[in-house]
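Undergrad: Residue numbers (my numbering): 34 to 910. Ideal placement from N, C-alpha and C gives every residue a C-beta, glycine not left out. I have a structure I would like to understand better, so I am pasting it below and will then ask my questions one at a time.
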Amino acid sequence: MEYTRAMPQTPVMDSGEKRLNELGYKQELRREMTLFKTLAISFSTMTLFTGITPLYGSSLQYAGPASLVWGWVVVSFFTWFVGIAMAEICSSFPTTGSLYFWAAHLAGPRWGPLASWCCAWLETIGLIAGIGTQAYAGSQTLQSIILLCTGTNKDGGYFAPRWLFLCMYMGLTIIWAFLNTFALEVIAFIDIISMWWQLVGGLVIVIMLPLVAMTTQSASYVFTHYETSPSTGITSKAYAVILSVLVSQYSLYGYDAAAHLTEETKGADKNGPIAILSSIGIISIFGWAYILALTFSIQDPSYLFDPNNETAGAFVPAQILYDAFHGRYNNATGAIILLCVIWGSFFFGGLSITTSAARVVYALSRDGGVPFSSIWRKVHPKRKVPANAVWLCAAICILLGLPILKVNVVFTAITSICTIGWVGGYAVPIFARMVMAEKNFKAGPFYLGKLRRPICFIAFLWICYTCSVFLLPTLYPIDWNTFNYAPVALGIVMILIMLWWILDARKWFKGPVRNIDIQNGKGLPDEAFSTLLRSATPLIKGYCGEVSLFGCGVAAIQAYWRIGYSYNASSGGNDYTICFIRIHSLQTSPSTGITSKAYAVILSVLVSQYSLYGYDAAAHLTEETKGADKNGPIAILSSRGTISIFGWAYILALTLSIQDPNNETAGAFVPAQILYDAFHGRYNNATGAIILLCVIWGSFFFGGLSITTSAARVVYALSRDGGVPFSSIWRKVHPKHKVPANAVWLCAAICILLGLPILKVNVVFTAITSICTIGWVGGYAVPIFARMVMAEKNFKAGPFYLGKLRRPICFIAFLWICYTCSVFLLPTLYPIDWNTFNYAPVALGIVMILIMLWWILDARKWFKGPVRNIDIQNGKV
34 MEYTRAMPQT PVMDSGEKRL NELGYKQELR REMTLFKTLA ISFSTMTLFT GITPLYGSSL
94 QYAGPASLVW GWVVVSFFTW FVGIAMAEIC SSFPTTGSLY FWAAHLAGPR WGPLASWCCA
154 WLETIGLIAG IGTQAYAGSQ TLQSIILLCT GTNKDGGYFA PRWLFLCMYM GLTIIWAFLN
214 TFALEVIAFI DIISMWWQLV GGLVIVIMLP LVAMTTQSAS YVFTHYETSP STGITSKAYA
274 VILSVLVSQY SLYGYDAAAH LTEETKGADK NGPIAILSSI GIISIFGWAY ILALTFSIQD
334 PSYLFDPNNE TAGAFVPAQI LYDAFHGRYN NATGAIILLC VIWGSFFFGG LSITTSAARV
394 VYALSRDGGV PFSSIWRKVH PKRKVPANAV WLCAAICILL GLPILKVNVV FTAITSICTI
454 GWVGGYAVPI FARMVMAEKN FKAGPFYLGK LRRPICFIAF LWICYTCSVF LLPTLYPIDW
514 NTFNYAPVAL GIVMILIMLW WILDARKWFK GPVRNIDIQN GKGLPDEAFS TLLRSATPLI
574 KGYCGEVSLF GCGVAAIQAY WRIGYSYNAS SGGNDYTICF IRIHSLQTSP STGITSKAYA
634 VILSVLVSQY SLYGYDAAAH LTEETKGADK NGPIAILSSR GTISIFGWAY ILALTLSIQD
694 PNNETAGAFV PAQILYDAFH GRYNNATGAI ILLCVIWGSF FFGGLSITTS AARVVYALSR
754 DGGVPFSSIW RKVHPKHKVP ANAVWLCAAI CILLGLPILK VNVVFTAITS ICTIGWVGGY
814 AVPIFARMVM AEKNFKAGPF YLGKLRRPIC FIAFLWICYT CSVFLLPTLY PIDWNTFNYA
874 PVALGIVMIL IMLWWILDAR KWFKGPVRNI DIQNGKV
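Shown next, in the form of structure tokens:
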């Protein structure tokens with residue numbers, strides 16, 4: 034009998050580690066996480082109770098139970114689109130850097146560094162603020178537990194003062210940091226406890242609370258009752274509903290936690306996406322059940338917010354629990370136990386978010402994107418965890434909490450910063466995935482195929498909406514204790530980060546740095562970001578081929594077309610007919626840096642977005658117009674219709690008359706070259722071209738004259754209401770001509786100052802165009818949004834009245850304005866340097882921060898809006 038010695042088997046490389054190596058990273062962290070452990074951490078980061086519990090009361094106040102209940106369903110629906118889009122990317126890029134790593138690779142080598150820079154810092158801001166939200170809400174729950182344990186607010190119970198509240202906040206943060214310095218298997222074990230804690234605890238609360246309550250609210254109250262509280266200062270029902278849904282938007286994110294741990298997860302290319310989608314599904318179902326349990330168990334809705342009730346009106350869920358158990362058992366023991374379950378959820382949630390935040394800081398430090406990166410990227414030699422990054426996150430979180438000692442809106446600000454930073458970080462890779470060429474995407478096991486663009490598009494729009502609403506004021510009247518500081522804080526931080534990028538970081542930050550010498554095939558070419566098409570006549574260039582410009586118009590100017598067309602026919606030149614324009618494939622110019630066709634189309638359409646506004650000029654002149662209530666609307670709509678038709682015709686005329694489509698630059702002024710080619714080709718001279726250029730110049734002249742008129746009227750009106758420095762000067766009207774002459778010259782002086790950089794910088798027109806569009810079109814958004822959300826009974830209709838159509842029309846208009854303003858903030862040329870950078874975001878950010886600071890510090894005390902200059906009341910002289 035022969036015996037054969039068994040040959041030793043070569044260990045099979047984990048699929049996640051294999052993909053990590055392909056991406057250029059060696060395995061450094063310990064890969065021990067199973068699917069269940071990863072799901073546990075993702076679930077613990079989202080947490081069943083931590084989003085709903087602290088914001089439940091305010092949401093109920095804004096719009097009542099119906100908005101709260103159905104808002105969760107709507108937000109859950111759109112959250113699935115975001116989760117699915119991220120799951121596909123996670124399957125392809127299973128690395129610890131997750132979002133910012135994805136952004137770098139999806140955006141390509143040219144724009145990848147900037148995309149990853151923005152994404153990394155947004156995510157870092159969001160995650161660190163997220164630790165603060167858990168610490169604050171956990172301290173708030175503990176405050177209620179102590180109060181009920183010591184005898185309730187009515188019986189002399191101990192209500193923790195601010196200094197003790199801050200100590201609890203800091204204590205939780207330090208405990209989470211300490212636990213995160215242990216090996217990841219310890220955290221994974223705790224997160225498994227957390228998952229079962231929340232599942233079992235959630236079932237107990239959801240089932241027990243309605244059963245214990247002596248009475249329950251009717252289904253009609255829970256699912257259909259709408260009610261606003263006077264204490265919020267908000268009277269608009271639509272606006273109240275928007276604010277009421279914030280509880281759901283704040284609760285339903287954090288599922289990217291699984292992506293942060295992919296380098297430590299077995300089979301991460303498969304298990305990462307499963308963990309993301311599973312956590313969304315579980316939280317969506319259990320979260321809705323928790324909201325229903327709380328709402329059905331309310332005993333007296335008006336008593337919940339009474340500062341003299343048993344919980345001092347500070348924590349509505351605690352009062353609901355107290356009312357239920359005290360009503361049946363005449364003691365608060367059951368309420369205290371369930372509050373401890375909820376507090377445990379905050380504890381586990383903060384622990385998980387600290388884990389995720391530290392991984393992002395570690396990954397960004399590994400790539401040199403954080404000051405003193407060499408310190409924060411160190412991994413504990415034994416435990417294999419980024420301990421220094423953990424303590425950095427904890428220290429910043431503690432600093433965020435210090436205003437608790439003086440300000441009441443700390444939680445509102447931290448919540449807004451957390452949501453905008455965290456969810457905003459999702460937008461960058463999702464947008465890059467949407468616009469990149471499919472051939473350059475290496476799909477993982479989870480792949481969307483042709484569905485990726487519509488899914489990513491819906492996800493991106495939802496993220497933009499979510500970030501926008503968290504910038505809104507939440508209480509009125511606005512003062513130091515009610516103002517939402519998130520826009521100011523985020524604006525300052527993002528400006529500093531972008532200035533750092535412009536002045537220094539762009540020279541050395543290249544995005545994720547590989548730590549093994551390996552090339553991922555041919556790599557990912559530049560795919561996402563490119564040049565804005567400078568708008569109107571001065572800016573028609575071939576960034577996206579003729580087909581995108583054809584989408585801007587309807588008919589041709591026959592005489593202009595035939596000059597060029599006849600020359601082509603007679604000379605044997607190219608025949609650029611309508612057929613050419615309609616079917617000509619999208620092509621981008623190498624000089625623009627565009628390779629993504631989808632993104633090129635988006636930017637090419639900016640010529641139309643820049644050109645098709647300004648129709649509000651009629652509104653500025655209503656005080657000088659006869660029958661303004663009728664003639665004003667007619668002028669606005671007529672100008673829109675006229676410009677739409679003639680603008681399209683002008684674009685078609687130019688495009689149909691092109692002699693050589695490959696000569697796309699044609700010097701400095703493309704329309705001039707088109708005119709020259711057409712007339713010189715037929716008549717062998719440029720006289721006709723010069724005449725038509727004079728016609729075009731006249732259009733600029735008259736346009737500038739009209740805009741000056743409108744600008745002066747706006748400055749005059751604002752000065753009349755005291756909203757401009759030295760208003761007494763600018764509001765003066767010429768005694769004879771009856772025009773605001775001083776305001777006119779102020780506008781001219783500022784315009785001249787804006788043009789001075791022409792001597793040194795090439796991008797003056799780009800910057801002014803972006804500032805002009807965002808400021809002008811953005812100004813439309815405020816009254817349109819206000820009209821959409823205001824109560825109809827408070828609107829006195831004029832001759833032109835939309836009736837029931839006003840809300841859908843205003844909603845679509847508002848979304849379009851938000852989109853338009855967003856795309857004009859994009860970079861304009863590559864490579865980025867002082868002569869190509871789009872300064873509009875920096876300039877606008879600084880100006881808006883100064884304006885808002887002026888409002889907070891001074892103007893809010895005296896600026897009351899339009900000031901009447903005759904003694905009238907409600908239309909009665």
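Just mark residue 920 as buried or exposed, buried being the case when its beta carbon has 16 or more other beta carbons within 10 Å.
TA: One cannot answer for residue 920 here, as it falls past the ends of the chain, which runs 34 to 910.
Undergrad: Could you name the residues of the same chain whose beta carbon sits closer than 7 Å to that of residue 126, not counting the 5 residues immediately before and after it, in chain order?
TA: Indexing the sequence shown from 1 puts residue 126 at position 93. Result list for residue 126: 56, 134, 135 and 138, in chain order.
Undergrad: Count the other CB atoms, across all protein chains shown, that sit within 10 Å of the CB of residue 105; report buried if there are 16 or more and exposed otherwise.
TA: The count along the sequence shown starts at 1 and reaches residue 105 at position 72. Buried, because 16 or more other Cβ atoms sit within 10 Å of the Cβ of residue 105.
Undergrad: According to the Cβ coordinates, are residue 492 and residue 504 closer than 8 Å?
TA: For the purposes of this step, residue 492 is taken as the residue at position 459 of the sequence shown. For the purposes of this step, residue 504 is taken as the residue at position 471 of the sequence shown. No; because the gap between Cβ atoms is not below 8 Å, this pair is not in contact.
Undergrad: Would you report the Cα separation of residue 509 and residue 517, rounded to the nearest angstrom?
TA: As a first step, residue 509 is located in the sequence shown; it is residue number 476 there, counting from the start. As a first step, residue 517 is located in the sequence shown; it is residue number 484 there, counting from the start. Rounded to whole angstroms, residue 509 to residue 517 spans 11 Å at the Cα level.
Undergrad: Determine the direct distance from the alpha carbon of residue 690 to that of residue 706, and round the result to whole angstroms.
TA: As a first step, residue 706 must be located in the sequence shown, where it is residue number 673. As a first step, residue 690 must be located in the sequence shown, where it is residue number 657. C-alpha separation (whole angstroms): 10 Å.
Undergrad: So, at 7 Å on beta carbons, what are the nonlocal neighbours of residue 831 in its own chain, with the 5 sequence-adjacent residues on each side left out?
TA: As a first step, residue 831 is located in the sequence shown; it is residue number 798 there, counting from the start. 662, listed in sequence order.
Undergrad: My output table needs one value for residue 257: the three-state DSSP class, helix, strand or coil.
TA: The residue you call residue 257 lines up with position 224 of the sequence shown. It is helical.
Undergrad: Could you give the first and the last residue of the continuous alpha helix (DSSP H) run that contains residue 921?
TA: Examination of residue 921 is not possible in this model, given that the chain is present from 34 through 910 alone.
Undergrad: Just reading off the alpha helix (DSSP H) that residue 712 is part of, what are its end residues?
TA: Working through the sequence shown from its first residue, we reach residue 712 at position 679. Unbroken alpha helix (DSSP H) run through residue 712: 703–716.
Undergrad: Counting only the same chain and skipping the five closest in sequence on each side, list residues whose C-beta sits under 6 Å from that of residue 118.
TA: Position 85 of the sequence shown holds residue 118. Excluding residues within five positions, the ones whose Cβ falls inside 6 Å are 463, 488, 489 and 492.
Undergrad: Would DSSP call residue 719 helix, strand or coil?
TA: Counting from 1 along the sequence shown, the entry for residue 719 is found at position 686. Coil, per DSSP.
Undergrad: Excluding the five sequence neighbours on either side, which residues of its own chain have a C-beta within less than 8 Å of the C-beta of residue 525, listed in chain order?
TA: If you number the sequence shown from 1, residue 525 lands on position 492. Hits under 8 Å: 882.
Undergrad: Are at least three pairs of beta-carbons, each pair with one atom in the stretch 250–260 and one in the stretch 87–103, less than 8 Å apart?
TA: Enough Cβ pairs lie closer than 8 Å, so yes.
Undergrad: Count the other CB atoms within 10 Å of the CB of residue 894; is the residue buried (16 or more) or exposed (fewer)?
TA: Here residue 894 refers to the residue found at position 861 when the sequence shown is read from its first residue. That one is exposed.
Undergrad: Starting from residue 852, trace the alpha helix (DSSP H) both ways and give me its first and last residue.
TA: Position 819 of the sequence shown holds residue 852. 839–856 is the extent of the alpha helix (DSSP H) around residue 852.
Undergrad: CB residue 683 to CB residue 437, shorter than 8 Å?
TA: On the sequence shown, position 650 is the one that residue 683 refers to. On the sequence shown, position 404 is the one that residue 437 refers to. No, the pair does not count as a contact, with Cβ atoms beyond the cut-off.
Undergrad: Could you check if residue 836 is buried or exposed, using at least 16 other CB atoms within 10 Å of its CB as the buried criterion?
TA: The sequence position of residue 836 within the sequence shown is 803, counting from 1. Burial call: exposed.
Undergrad: Leaving out five residues on either side along the sequence, give the residues of the same chain with a beta carbon under 6 Å from the beta carbon of residue 260.
TA: For the purposes of this step, residue 260 is identified with residue 227 of the sequence shown, where counting begins at 1. Counting only Cβ-Cβ distances below 6 Å, and skipping sequence neighbours, we find 97.
Undergrad: Can you name, in chain order, every residue of its own chain whose Cβ lies under 7 Å from the Cβ of residue 152, other than the five neighbours on each side?
TA: Taking the first residue of the sequence shown as position 1, residue 152 is located at position 119. These residues qualify, in order along the chain: 132, 133, 136, 458, 461 and 462.
Undergrad: In chain order, what residues of the same chain have a beta carbon less than 6 Å from the beta carbon of residue 616, not counting five sequence neighbours either side?
TA: In the sequence shown, the residue the question calls residue 616 occupies position 583. Low confidence applies here, because residue 616 scores a pLDDT of 38, under 50, leaving its location unreliable; read the following figure in that light. Once the five neighbours on either side are set aside, residue 616 has no close Cβ partner at all.
Undergrad: With a threshold of 8 Å, are at least 3 pairs of Cβ atoms found where one atom belongs to the stretch 737–757 and the other to the stretch 719–726?
TA: No, they do not touch.
Undergrad: Please classify residue 392 as buried or exposed, where buried requires at least 16 other C-beta atoms within 10 Å of its C-beta.
TA: The count along the sequence shown starts at 1 and reaches residue 392 at position 359. It counts as buried.
Undergrad: So, helix, strand or coil for residue 487, using DSSP?
TA: As a first step, residue 487 must be located in the sequence shown, where it is residue number 454. Note: residue 487 maps to helix in three-state DSSP.
Undergrad: Residue 441: buried (16+ other C-beta within 10 angstroms of its C-beta) or exposed?
TA: Position 408 of the sequence shown holds residue 441. Looking at its Cβ environment, which holds fewer than 16 other Cβ atoms inside 10 Å, residue 441 is exposed.
Undergrad: Kindly indicate which three-state DSSP category residue 897 falls into: helix, strand or coil?
TA: If you number the sequence shown from 1, residue 897 lands on position 864. Correct three-state label for residue 897: coil.
Undergrad: When the Cα atoms are used, what is the spatial distance from residue 529 to residue 523?
TA: Your numbering for residue 529 matches position 496 in the sequence shown. Your numbering for residue 523 matches position 490 in the sequence shown. Straight-line Cα distance between these residues: approximately 10 Å.
Undergrad: What distance in whole Å lies between the Cβ atoms of residue 401 and residue 958, which are believed to be in contact at a cut-off of 8 Å?
TA: The question about residue 958 has no answer, for the chain in this structure spans 34 to 910.
Undergrad: Give the C-beta separation of residue 238 and residue 349 to the nearest angstrom, bearing in mind that I take them to be a contact with Cβ-Cβ under 8 Å.
TA: By one-based count along the sequence shown, residue 238 stands at place 205. By one-based count along the sequence shown, residue 349 stands at place 316. Going by Cβ atoms, the distance from residue 238 to residue 349 rounds to 15 Å, so no, they are not a contact pair.
Undergrad: Do you know how far the Cα of residue 226 is from the Cα of residue 418?
TA: Your numbering for residue 418 matches position 385 in the sequence shown. Your numbering for residue 226 matches position 193 in the sequence shown. Whole-angstrom Cα-Cα distance: 20 Å.
Undergrad: Excluding sequence positions up to five away, which residues of its chain have a Cβ less than 8 Å from the Cβ of residue 821?
TA: The sequence position of residue 821 within the sequence shown is 788, counting from 1. Only 271, 839, 840, 843, 844 and 847 meet the Cβ criterion.
Undergrad: Cα separation between residue 147 and residue 872?
TA: Within the sequence shown, residue 147 is the residue found at index 114, counting from 1. Within the sequence shown, residue 872 is the residue found at index 839, counting from 1. Distance between the alpha carbons of residue 147 and residue 872 is about 15 Å.
Undergrad: Can you find at least 3 beta carbon pairs, one from the stretch 851–859 and one from the stretch 805–819, that sit closer than 8 Å?
TA: These segments touch.
Undergrad: Quick one: Cα of residue 668 to Cα of residue 674, how far?
TA: By 1-based counting over the sequence shown, the position of residue 668 is 635. By 1-based counting over the sequence shown, the position of residue 674 is 641. Going by the C-alpha atoms only, they are around 10 Å apart.
Undergrad: Is DSSP giving residue 591 helix, strand or coil here?
TA: To locate residue 591, count along the sequence shown from 1; it is residue 558. With a pLDDT of only 33 at residue 591, under 50, the local geometry of the prediction cannot be trusted, and the value read off the model is given with reservation. Residue 591 falls in the helix class under three-state DSSP.
Undergrad: Can you tell me which of 121, 714 and 162 puts its alpha carbon nearest to the alpha carbon of residue 308?
TA: Reading the sequence shown from its first residue, position 275 is the one you call residue 308. With distances taken between Cα atoms, residue 308 lies closest to 121.
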